[in-house]
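Engineer: Please find one structure pasted underneath; my questions will follow.
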Amino acid sequence: MSLEIKVPPVGESITEVTLSRWIKKDGDAVAMDEVIAELESDKATFELTAEKAGTLKTIAKEGDTLAIGAAVASIEEGIAAPSASEAQPEAAASAPTPQPAATTAPATSTGGGSLQVKVPAVGESITEVTLSRWIKKDGDTVAMDEAIAELESDKATFELTAEKAGVLKTIAKEGDVLAIGAVVCTIEGAGAAVSAQPKAAEPVAATATLAASEKTYASGTPSPAAAKILAEKGINPASVPGNGVGGRITKADALTAVNADLISENPQGGGKAAASAPKVEIKAPEPVKSNDPRGERREKMSSLRKTVARRLVAVKNETAMLTTFNEVDMSPIMELRAKYKDKFKEKHGVGLGFMSFFTKAVCEALKEWPAVGARIEGEEIVYSDFADISIAVSAPKGLVVPVIRSADRMSLAEIEKAVAALAVKARDNKLSLEEMTGGTFTITNGGVFGSMMSTPIINSPQSAILGMHNIIERPVAVNGQVVIRPMMYVALSYDHRIIDGRESVSFLVRVKQLLEDPSRLLLGV
Numbered sequence: 005m006s007l008e009i010k011v012p013p014v015g016e017s018i019t020e021v022t023l024s025r026w027i028k029k030d031g032d033a034v035a036m037d038e039v040i041a042e043l044e045s046d047k048a049t050f051e052l053t054a055e056k057a058g059t060l061k062t063i064a065k066e067g068d069t070l071a072i073g074a075a076v077a078s079i080e081e082g083i084a085a086p087s088a089s090e091a092q093p094e095a096a097a098s099a100p101t102p103q104p105a106a107t108t109a110p111a112t113s114t115g116g117g118s119l120q121v122k123v124p125a126v127g128e129s130i131t132e133v134t135l136s137r138w139i140k141k142d143g144d145t146v147a148m149d150e151a152i153a154e155l156e157s158d159k160a161t162f163e164l165t166a167e168k169a170g171v172l173k174t175i176a177k178e179g180d181v182l183a184i185g186a187v188v189c190t191i192e193g194a195g196a197a198v199s200a201q202p203k204a205a206e207p208v209a210a211t212a213t214l215a216a217s218e219k220t221y222a223s224g225t226p227s228p229a230a231a232k233i234l235a236e237k238g239i240n241p242a243s244v245p246g247n248g249v250g251g252r253i254t255k256a257d258a259l260t261a262v263n264a265d266l267i268s269e270n271p272q273g274g275g276k277a278a279a280s281a282p283k284v285e286i287k288a289p290e291p292v293k294s295n296d297p298r299g300e301r302r303e304k305m306s307s308l309r310k311t312v313a314r315r316l317v318a319v320k321n322e323t324a325m326l327t328t329f330n331e332v333d334m335s336p337i338m339e340l341r342a343k344y345k346d347k348f349k350e351k352h353g354v355g356l357g358f359m360s361f362f363t364k365a366v367c368e369a370l371k372e373w374p375a376v377g378a379r380i381e382g383e384e385i386v387y388s389d390f391a392d393i394s395i396a397v398s399a400p401k402g403l404v405v406p407v408i409r410s411a412d413r414m415s416l417a418e419i420e421k422a423v424a425a426l427a428v429k430a431r432d433n434k435l436s437l438e439e440m441t442g443g444t445f446t447i448t449n450g451g452v453f454g455s456m457m458s459t460p461i462i463n464s465p466q467s468a469i470l471g472m473h474n475i476i477e478r479p480v481a482v483n484g485q486v487v488i489r490p491m492m493y494v495a496l497s498y499d500h501r502i503i504d505g506r507e508s509v510s511f512l513v514r515v516k517q518l519l520e521d522p523s524r525l526l527l528g529v
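Just so we're aligned: 366 in the working numbering is position 362 of the sequence shown, and the numbers increase by one with no gaps anywhere.
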């Protein structure tokens, strides 16, 4: 009996997806809920899972664009497919047809039981994460609640923990993009990993040798990864022996052929490859790019970078974004800091920086111009009676924007402590999702990198962002006299759909007044 696997609905606005990668190959035995393919829409990448156990028969090809509901593959009954978390990789790869030798699979069942560890839900707007690093390795013994892997979303990095003690069996690989709920690994009962199929190794190896010698529909057909490697090196697939399922050419076979090809090209390497592949068609070797002054290199975008790129473009396309500028005389704040910074640090245990003054000034200005801290939801404008200020922080993996909650009710010292704590978490990749969502207004400081002026992009769904810049001594006119003052350009980018020019300019002028006369922040005038 055959079960057809179709493209599932993935969102109201999504009508088609692209089959980016087959994780399981045609003819492979798959277990129920095992990941078989990776689908990609214009908004997210997610995984397609098997709806029952059996043998996979692929219909679509990698790179195909498929409508929602289109058939991707079918699963045929007739093979007792081992669980993806328990089966030996070698046994799965050596069973192209239901041969008697493959009936040793039940020996992999464990007395301690198997627990699937899945990607947890980490936020309403997050549909996928990237497995950035395995903390524990395949076959390691893990304790309950021990960190086993590091997952990364477009907003935060967090740890995946073991839900019970046992032996870890990894399924996903580092760099894989996983949908929420996808299986990452399994945890077997104690001793399960070392006791599975100790006597079946020789029959399995014999079956693999037999399968490699028999001709099937897959014989001589390269996998997509292998085909790409062979095409890049100009090697004819017909000359490459396949050791995969049914004689399929795997990525490892392709790499072996490439290495043999390089040996045959070397005058001192002998004719080893020439004897086994006399009719190989070889293209001219590519020039060494390291010696080419006009060379190029290509790197695949990370899922984080792709998500950030999509969101930035969406903000530019979906908002009526404008930027207004002003300049601030920073001498009053600098004089205040120079006078009290030592006592401030001695009393509060944290330095007195510029960010607390800007945050406090923004909070006061938002009280007078609440539209600047509002946001659009559908056909409604949502105004907030509080100020949760997002602060852009440079982290090792990119720019992150943690939030200071209720900053309008904090003192300068409390704000400085909050900024310092969030900065440390950002550098250590310890920010949680809750600490990076829900802000009403954002402040970004490009001045620490030397920026003199910029037009920051709104942090959606917020409607405005304030950009700080470098402090430069410039000649300015004060009371009819030309004097040298430390000046900073400030920029306010805002969504003109809900913030008018009068409000945006007045808001920025109010921030300027509060910064140039810090006593107003204390008196509230």
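Just so it is clear, CB atoms sit at the ideal spot from N, CA and C, and this is done for glycine as well.
1) In the DSSP assignment, find the alpha helix (DSSP H) that holds Ser510 and state where it starts and stops.
2) Per DSSP, which one or two residues make a beta bridge with Tyr498?
3) According to the neighbour-count rule (16 or more other Cβ atoms, all chains shown, within 10 Å of its Cβ), is His500 buried or exposed?
4) Met491 bridges to which residues according to DSSP?
5) Does the Cβ of Asp412 have 16 or more other Cβ atoms within 10 Å, making it buried, or fewer, making it exposed?
6) Alpha carbon to alpha carbon, how far is Glu381 from Pro289? Give it in angstroms, no decimals.
7) Assign Asn536 to buried or exposed, taking buried as 16 or more other Cβ atoms, counted over all protein chains shown, within 10 Å of its Cβ.
8) Look at the alpha carbon of Leu512 and the alpha carbon of Lys310, and state the distance between them as a whole number of angstroms.
9) May I have the straight-line CA-CA distance separating Asp32 from Glu150, to the nearest angstrom?
10) Let me know the beta strand (DSSP E) ranges lying completely inside the region 127–202, each 3 residues or longer, listed in chain order.
11) What residue range is occupied by the uninterrupted alpha helix (DSSP H) comprising Val423?
12) Expressed to the nearest angstrom, what Euclidean distance is found between the alpha-carbon atoms of Pro241 and Asp30?
13) Report the residue from Ile462, Glu420, Ser24, Val515 whose alpha carbon sits nearest the alpha carbon of Leu326.
14) Here's a check: name, in chain order, each residue in its chain whose Cβ is nearer than 7 Å to the Cβ of Pro460, leaving out the five neighbours to either side.
15) Of all the options Gln466, His352, Glu350, which has the alpha carbon lying nearest to the alpha carbon of Ser394?
16) Taking the beta carbon of Pro226 as the centre, do at least 16 other beta carbons fall within 10 Å, making it buried, or is it exposed?
17) As an exercise, report each continuous beta strand (DSSP E) stretch of at least 3 residues that is fully enclosed by the region 6–45, in chain order.
18) Please state the DSSP three-state secondary structure of Asn463.
19) Quickly, what does DSSP pair Asn449 with across the bridge? List them, please.
20) Specify, as a first and last residue, the run of the alpha helix (DSSP H) that Glu66 falls within.
21) Starting from the C-beta of Arg489, find all residues in its chain whose C-beta is less than 6 Å away, skip the five residues before and the five after it, and write them out in chain order.
22) State the DSSP-derived secondary structure class of Phe50, mapped to helix, strand or coil.
23) Please report the straight-line C-alpha distance between Arg2 and Val487, rounded to a whole angstrom.
24) Looking at Ala365: is its Cβ nearer than 9 Å to the Cβ of Thr444?
25) Any idea what DSSP makes of Ala231, helix, strand or coil?
26) Sort out for me which residues DSSP pairs Glu80 with in a bridge.
27) Looking only at its own chain, which residues have a Cβ that is under 6 Å from the Cβ of Lys140, when we skip the five neighbours before and after it?
28) Express the C-alpha separation of Lys516 and Val367 in angstroms, rounding to a whole number.
29) Report the rounded CA-to-CA distance for Glu167 versus Ser118, giving the unit in angstroms.
30) With a threshold of 7 Å on Cβ separation, who are the neighbours of Glu154 within its own chain once the five nearest residues in sequence on each side are excluded?
31) Locate the beta strand (DSSP E) running through Lys371, then write down its first and last residues.
32) Pull up the distance between the alpha-carbon of Ile475 and that of Ser398, whole angstroms please.
Structural biologist: So, to answer that:
1) Here residue 510 corresponds to residue number 506 of the sequence shown, with the count starting at 1. Taken as a continuous stretch (DSSP letters only), the alpha helix (DSSP H) holding Ser510 covers 505–520.
2) Here residue 498 corresponds to residue number 494 of the sequence shown, with the count starting at 1. Tyr498 pairs with Leu326, Ala468.
3) As a first step, residue 500 must be located in the sequence shown, where it is residue number 496. The residue is exposed, with fewer than 16 neighbouring Cβ atoms inside 10 Å.
4) Here residue 491 refers to the residue found at position 487 when the sequence shown is read from its first residue. Per the DSSP secondary-structure output, Met491 pairs in a beta bridge with Asp333, Ile476.
5) Numbered from its first residue, the sequence shown carries residue 412 at position 408. Buried: at least 16 other Cβ atoms inside 10 Å.
6) Numbered from its first residue, the sequence shown carries residue 289 at position 285. Numbered from its first residue, the sequence shown carries residue 381 at position 377. Because the pLDDT of Pro289 is 46, which lies under 50, any placement of that residue in the model is unreliable, and the question is left without a value.
7) Shown here, the chain extends from 5 to 529; a query on residue 536 therefore has no answer.
8) Stepping through the sequence shown from its first residue, residue 512 is reached at position 508. Stepping through the sequence shown from its first residue, residue 310 is reached at position 306. Looking at the two C-alpha atoms, the distance is approximately 33 Å.
9) For this step, residue 32 is matched to residue 28 along the sequence shown. For this step, residue 150 is matched to residue 146 along the sequence shown. Between Asp32 and Glu150, the C-alpha separation is close to 33 Å.
10) Listed in chain order, they are 132–138, 151–156, 161–165, 170–174, 181–183, 187–192.
11) Along the sequence shown, read from residue 1 onward, the residue named residue 423 stands at position 419. Where Val423 is concerned, the enclosing alpha helix (DSSP H) stretches over 416–431.
12) As a first step, residue 241 must be located in the sequence shown, where it is residue number 237. As a first step, residue 30 must be located in the sequence shown, where it is residue number 26. Taking the straight line joining both Cα atoms gives about 18 Å.
13) The count along the sequence shown starts at 1 and reaches residue 326 at position 322. Cα-wise, what sits closest to Leu326 is Ile462.
14) In the sequence shown, residue 460 corresponds to position 456, counting from 1. Within the same chain, Pro460 has close Cβ partners Thr448, Ile469, Gly471, Ala495, Ser497.
15) As a working note, residue 394 is residue 390 in the sequence shown. The shortest Cα separation from Ser394 among Gln466, His352, Glu350 belongs to Gln466.
16) Counted from its first residue, the sequence shown places residue 226 at position 222. The residue is buried, with at least 16 neighbouring Cβ atoms inside 10 Å.
17) For the region 6–45, whole beta strand (DSSP E) runs of length 3 or above, ordered along the chain, are 6–10, 20–26, 39–44.
18) Taking the sequence shown and counting its residues from 1, the one referred to as residue 463 is at position 459. In the structure shown, Asn463 adopts coil according to DSSP, grouped into three states.
19) Position 445 of the sequence shown, counting from 1, holds the residue named residue 449. Beta-bridge pairing links Asn449 to Met472.
20) As a working note, residue 66 is residue 62 in the sequence shown. For Glu66, there is no enclosing alpha helix (DSSP H), as DSSP marks it with neither H nor E.
21) Taking the sequence shown and counting its residues from 1, the one referred to as residue 489 is at position 485. Closer than 6 Å at Cβ, skipping near neighbours: Asp333, Ser335, Val480.
22) Here residue 50 refers to the residue found at position 46 of the sequence shown. Three-state result, Phe50: strand.
23) Look at the range of the chain in this structure, 5 to 529, and you will see that residue 2 is not part of it.
24) As a first step, residue 365 is located in the sequence shown; it is residue number 361 there, counting from the start. As a first step, residue 444 is located in the sequence shown; it is residue number 440 there, counting from the start. Taking 9 Å as the Cβ cut-off, Ala365 and Thr444 do not qualify as a contacting pair.
25) Translated into the one-based positions of the sequence shown, residue 231 becomes position 227. Helix.
26) Walking along the sequence shown from the start, residue 80 turns up at place 76. Glu80 is bridged to Ser6, Thr59.
27) Residue numbering aside, residue 140 sits at position 136 when the sequence shown is read from its first letter. Excluding residues up to 5 positions away in sequence, Val146, Ile152, Leu172 lie with their Cβ nearer than 6 Å to the Cβ of Lys140 in the same chain.
28) For the purposes of this step, residue 367 is taken as the residue at position 363 of the sequence shown. For the purposes of this step, residue 516 is taken as the residue at position 512 of the sequence shown. It should be noted that the sequence gives Cys, not Val, for residue 367. Those two C-alpha atoms are separated by around 13 Å.
29) Here residue 167 refers to the residue found at position 163 of the sequence shown. Here residue 118 refers to the residue found at position 114 of the sequence shown. Going from the Cα of Glu167 to the Cα of Ser118 covers about 11 Å.
30) Taking the sequence shown and counting its residues from 1, one reaches residue 154 at position 150. Answer for Glu154: Ser136, Arg137, Ile139, Thr161, Glu163, listed in chain order.
31) Taking the first residue of the sequence shown as 1, we reach residue 371 at position 367. If you look at Lys371, you'll find it isn't in any beta strand (DSSP E); it sits in the alpha helix (DSSP H) that goes 358–372.
32) As a working mapping, residue 475 is identified with position 471 in the sequence shown. As a working mapping, residue 398 is identified with position 394 in the sequence shown. Straight through space, the alpha carbons of Ser398 and Ile475 are spaced by roughly 19 Å.
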